[in-house]
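Enquirer:
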Amino acid sequence: MSRAVARRSLPPFLRQRSAVCDDGYWIGRLDHKDWLSPNELLKIFANIRDPSLITCSFKRACDRRDYKPNEALYSLMIDRLASCRRFSDVEELLARARSERFRFSDEFFYRLIKMYGNVANHPEKAIETLFAMPGYNCWPSTKTFNYVLHMLVCKRQYEVVHEVYLSASRLGVTLDTCCFNILVKGLCQFGKFDDAISLLYEMPKQGCLPNVTTYSTLMNFLCQHGQVDKAFELCERMQKEDIAADAIVYNILISGLCREQRITEAFDMFKAMVPAGCCPNSGTYQVLLDGLLSSGKFIEAKGLVSMMRAERMRPSFSSYKLLIDGLCSVNCLDDAHLVLKQMVEQAWDYWGLRMAKTCSLRLYVIRAEIDWDCVKMGKYTYLRAFLGFTDICETLTVVLLNFFRGCTIR
Numbered sequence: 000m001s002r003a004v005a006r007r008s009l010p011p012f013l014r015q016r017s018a019v020c021d022d023g024y025w026i027g028r029l030d031h032k033d034w035l036s037p038n039e040l041l042k043i044f045a046n047i048r049d050p051s052l053i054t055c056s057f058k059r060a061c062d063r064r065d066y067k068p069n070e071a072l073y074s075l076m077i078d079r080l081a082s083c084r085r086f087s088d089v090e091e092l093l094a095r096a097r098s099e100r101f102r103f104s105d106e107f108f109y110r111l112i113k114m115y116g117n118v119a120n121h122p123e124k125a126i127e128t129l130f131a132m133p134g135y136n137c138w139p140s141t142k143t144f145n146y147v148l149h150m151l152v153c154k155r156q157y158e159v160v161h162e163v164y165l166s167a168s169r170l171g172v173t174l175d176t177c178c179f180n181i182l183v184k185g186l187c188q189f190g191k192f193d194d195a196i197s198l199l200y201e202m203p204k205q206g207c208l209p210n211v212t213t214y215s216t217l218m219n220f221l222c223q224h225g226q227v228d229k230a231f232e233l234c235e236r237m238q239k240e241d242i243a244a245d246a247i248v249y250n251i252l253i254s255g256l257c258r259e260q261r262i263t264e265a266f267d268m269f270k271a272m273v274p275a276g277c278c279p280n281s282g283t284y285q286v287l288l289d290g291l292l293s294s295g296k297f298i299e300a301k302g303l304v305s306m307m308r309a310e311r312m313r314p315s316f317s318s319y320k321l322l323i324d325g326l327c328s329v330n331c332l333d334d335a336h337l338v339l340k341q342m343v344e345q346a347w348d349y350w351g352l353r354m355a356k357t358c359s360l361r362l363y364v365i366r367a368e369i370d371w372d373c374v375k376m377g378k379y380t381y382l383r384a385f386l387g388f389t390d391i392c393e394t395l396t397v398v399l400l401n402f403f404r405g406c407t408i409r
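In numbering that gives the first Met the number 0, the protein residues as written are 0 to 409.
1. Which residues mark the beginning and the end of the alpha helix (DSSP H) in which V211 is found?
2. Grab me the residues of L92's own chain with a C-beta within less than 8 Å of its C-beta, minus the 5 sequence neighbours each way, in chain order.
3. Three-state secondary structure (DSSP) at I53?
4. Starting from F192 and walking both ways along the alpha helix (DSSP H), at which residues does that stretch end?
5. Report the residue from F269, A119, D324, T143 whose alpha carbon sits nearest the alpha carbon of M306.
6. So, for T141: in the same chain, excluding its five sequence neighbours on each side, which residues have a beta-carbon less than 8 Å away from its beta-carbon?
7. Within a Cβ cutoff of 6 Å, which residues of the same chain sit near L199, ignoring the five residues on either side of it in sequence?
8. Going by CA-CA distance only, name the one from K191, A131, F144 that's closest to Y157.
9. Roughly how many angstroms lie between the CA atoms of H224 and N250, to the nearest whole one?
10. By a C-beta neighbour count over all protein chains shown, 10 Å radius and 16 as the cutoff for buried, is C278 buried or exposed?
11. Take F340 as the anchor and find which of K301, S328, E310 has the nearest alpha-carbon.
12. Please tell me whether T143 and D193 are closer than 8 Å, where the distance is taken between their beta carbons.
13. Give the single residue among S317, S82, Y109, E70 whose Cα lies nearest to the Cα of R97.
14. Compare the C-alpha of C257 against each of N117, V286, K239 and name the closest.
15. If you follow the alpha helix (DSSP H) that K229 is in, where does it begin and where does it stop?
16. May I have the straight-line CA-CA distance separating R308 from A244, to the nearest angstrom?
17. Is V183 near V211, with beta carbons less than 8 Å apart?
18. Using a 10 Å radius around the Cβ and a threshold of 16 neighbouring Cβ atoms, would you call W25 buried or exposed?
19. To the nearest angstrom, how far is it from the Cα of D30 to the Cα of A94?
20. Hey, would you say T128 sits closer than 8 Å to F108, going by beta carbons?
21. If we count the other Cβ atoms within 10 Å of its Cβ and call it buried at 16 or more, is D228 buried or exposed?
22. In whole angstroms, give me the CA-to-CA distance for S168 and Q188.
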């Protein structure tokens, strides 16, 4: 949790620190006999620059007669300490809060658990905090519970995921579809597809229904393991349950078909998207383009690139390189010339008028593995015309095409 994030959570009157007063001044205010309001106490701790002084200063604040614990103060101190990775001090503050029988909100624990998971990289402590919440008279929300599950899946601690899932009833958590989607993802990653499928039958028992994300996760696993036909069976089951396929589902299935070199079927599915009420996105086009390039269908890929440009979508520069190289390999230099000009236009549009003059040329240099310093010194004669942004002549095109094919021209 960065210091910037921590400070954004502060009230406006605390975001500006004093540029004049040092830590001694602010800590000294804790010894004043004047009454300190909660906001004044917050201001003191927001302005202490040395995090090592926070814990001892807090002890002095606790000895004051006007001290009243509040969540804002604890959140401020813990955020400051976490940003400096002083987690032992965080534990000391939490122990103090528990002895005071202070009641925190679920949002406080949500932030604390995220701190353990993201900043401290200590998932065990995050789980311990989740289980300890009832001891602070706070019951975790579904959001907090799902975050812990998601964190464990991302860290691939699949055995612990099941343990946390079984604790839901003990923690008073109401499971939702998002929770089951996280479990499905974890089981698929762990290779337990049959267990993931079984959750489709468990969800209604818990008052939840699978959604398109549930099915797309399962279909993605099947496609990645060469079981595209089973993925289509699952898609049919999803549609029978009146769940409409979205662009992600189509992208997964098209990618699976392309991976098995079933390009014609992939194109048919691509054409069926709009009539089915789902518009292709840039990912759809890119998946199909990658499939065409990997199967050596360079002429069809060139047509798809033109279609993408008509829809104001940008093919990746790596796809341009593969397409140009492929067209050259089948001796379609005129088509390669056209694609090269399209790539230059895209580079111009992408980098803008001021940046394109250098950056679009650098794109060619990086892809072709040319010595950029030699280009700047003019050792590649035909590239000098490009630096002036004159029209791309046939000679320059041939030079660049040869660069893409790995040839060296002096």
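Positions of the beta carbon are idealized from the N, C-alpha and C atoms, including for glycine. Note that the structure is a prediction, hence the values are computed from the model and not measured.
Expert: So, from the data block:
1. In the sequence shown, residue 211 corresponds to position 212, counting from 1. Bounds of the alpha helix (DSSP H) holding V211 are 211-223.
2. Here residue 92 refers to the residue found at position 93 when the sequence shown is read from its first residue. Taken in chain order, the residues that qualify are T54, F57, Y73, M76, I77, L80.
3. As a first step, residue 53 must be located in the sequence shown, where it is residue number 54. In this structure, I53 counts as helix in the three-state DSSP scheme.
4. As a position in the sequence shown, residue 192 is number 193, starting the count at 1. Note, F192: alpha helix (DSSP H), 192-204.
5. Position 307 of the sequence shown, counted from the start, is the residue given in the question as residue 306. Selected option, being the one with the closest Cα: F269.
6. For this step, residue 141 is matched to residue 142 along the sequence shown. Counting only Cβ-Cβ distances below 8 Å, and skipping sequence neighbours, we find V172, T173, L174, D175, C177, C178.
7. To locate residue 199, count along the sequence shown from 1; it is residue 200. Within the same chain, L199 has close Cβ partners P209.
8. Mapped onto the sequence shown, residue 157 falls at position 158. Closest option to Y157, Cα to Cα, is K191.
9. As a position in the sequence shown, residue 224 is number 225, starting the count at 1. As a position in the sequence shown, residue 250 is number 251, starting the count at 1. Whole-angstrom Cα-Cα distance: 16 Å.
10. The residue labelled residue 278 in the question sits at position 279 within the sequence shown. When all chains shown are included, C278 counts as exposed.
11. Start at 1 with the first residue of the sequence shown, and residue 340 comes out as number 341. According to the sequence displayed, residue 340 carries Lys and not Phe. It is K301.
12. Counting from 1 along the sequence shown, the entry for residue 143 is found at position 144. Counting from 1 along the sequence shown, the entry for residue 193 is found at position 194. Not a contact, by the Cβ cut-off of 8 Å.
13. In the sequence shown, counting from the first residue as 1, residue 97 sits at position 98. With distances taken between Cα atoms, R97 lies closest to E70.
14. As a working note, residue 257 is residue 258 in the sequence shown. By alpha-carbon distance to C257, the top candidate from N117, V286, K239 is V286.
15. Residue mapping note: residue 229 aligns to position 230 of the sequence shown, counting from 1. 227-239 is the span of the alpha helix (DSSP H), which, as asked, contains K229.
16. Translated into positions along the sequence shown, residue 308 becomes position 309. Translated into positions along the sequence shown, residue 244 becomes position 245. Whole-angstrom Cα-Cα distance: 25 Å.
17. What you label residue 183 is simply residue 184 of the sequence shown in a count that begins at 1. What you label residue 211 is simply residue 212 of the sequence shown in a count that begins at 1. No, these two residues do not count as a Cβ contact at 8 Å.
18. In the sequence shown, counting from the first residue as 1, residue 25 sits at position 26. With 16 or more Cβ atoms within 10 Å of its Cβ, W25 is classed as buried.
19. Taking the first residue of the sequence shown as 1, we reach residue 30 at position 31. Taking the first residue of the sequence shown as 1, we reach residue 94 at position 95. Roughly 24 Å separates the two Cα atoms.
20. By one-based count along the sequence shown, residue 128 stands at place 129. By one-based count along the sequence shown, residue 108 stands at place 109. In contact: T128 and F108 (Cβ atoms closer than 8 Å).
21. Here the question's residue 228 lines up with position 229 in the sequence shown. Classification of D228: exposed, given that the 10 Å Cβ count is below 16.
22. As a first step, residue 168 is located in the sequence shown; it is residue number 169 there, counting from the start. As a first step, residue 188 is located in the sequence shown; it is residue number 189 there, counting from the start. So the two alpha carbons sit approximately 25 Å from each other.
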